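Residue numbers (our numbering): 5 to 154.
Virtual Cβ for every residue (Gly too), placed ideally from N, Cα, C.
Only a predicted model underlies this, so the values are computations on that prediction, with no experimental measurement involved.
Data first, discussion second: the structure below is written as structure tokens.
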């Protein structure tokens, strides 16, 4: 894995046959799966947790900007960071690079809402999470998206 100063967490991906569509490139929906896996791993690391069911978040929105097509066998790296943190939600940002030439292949963003599954409603983002983000990526605040989350 390479070191990306603007992303505190990176994850490698090798494009598998199952990821491509009839046109021979990675299917558009597959990018969300790549981002999801990297996001879960990063959040688990931030929270010092070991199981996805320990994450008290629910997805509110996903966006992907496709920059270049990705093909079978491409070796990729996903950079992940937390962007804006609101009262009850946060944005997670991604950049997908091809390792052979460091080309930016896609970018994405997921808005997550902190959620109490037992009570079935949103709750405030815990201070412990805010502190973990600040500890790990405090130097990245200048990169944070300017869009607001609630």
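Subject >> Neighbourhood of residue 107 by C-beta, 7 angstroms cutoff - its chain only, sequence neighbours within 5 removed >> reply: 72 and 101
Original post:
So does the region 14 to 31 actually touch the region 58 to 77, counting three or more Cβ pairs closer than 8 angstroms?
Top reply: yes
Original post:
Is the Cβ-Cβ distance between residue 99 and residue 11 less than 8 angstroms?
Top reply: yes
Subject >> Close beta carbons around residue 63, own chain, < 7 angstroms, minus the five adjacent residues each side >> reply: 114 and 116
Original post:
If you draw a straight line from the alpha carbon of residue 30 to that of residue 81, how long is it in whole angstroms?
Top reply: Residue 30 and residue 81 have their C-alpha atoms some 15 angstroms from each other.
Original post:
With which residues is residue 16 paired in a DSSP beta bridge?
Top reply: 81
**OP:** Measure the Cβ-Cβ separation of residue 91 and residue 128 and say whether it is below 8 angstroms.
**Re:** yes
Original post:
Are the beta-carbon atoms belonging to residue 84 and residue 42 less than 8 angstroms from one another?
Top reply: Taking the C-beta atoms as reference points, residue 42 is found nearer than 8 angstroms to residue 84.
Original post:
Is residue 111 near the ligand GTP, in the sense that its beta carbon is under 7 angstroms from a heavy atom of that ligand?
Top reply: Here there are no bound small molecules, and the ligand GTP is not part of this structure.
Subject >> Rounded straight-line distance, which links the Cα of residue 44 to that of residue 18 >> reply: Approximately 18 angstroms, taken between the alpha carbons.
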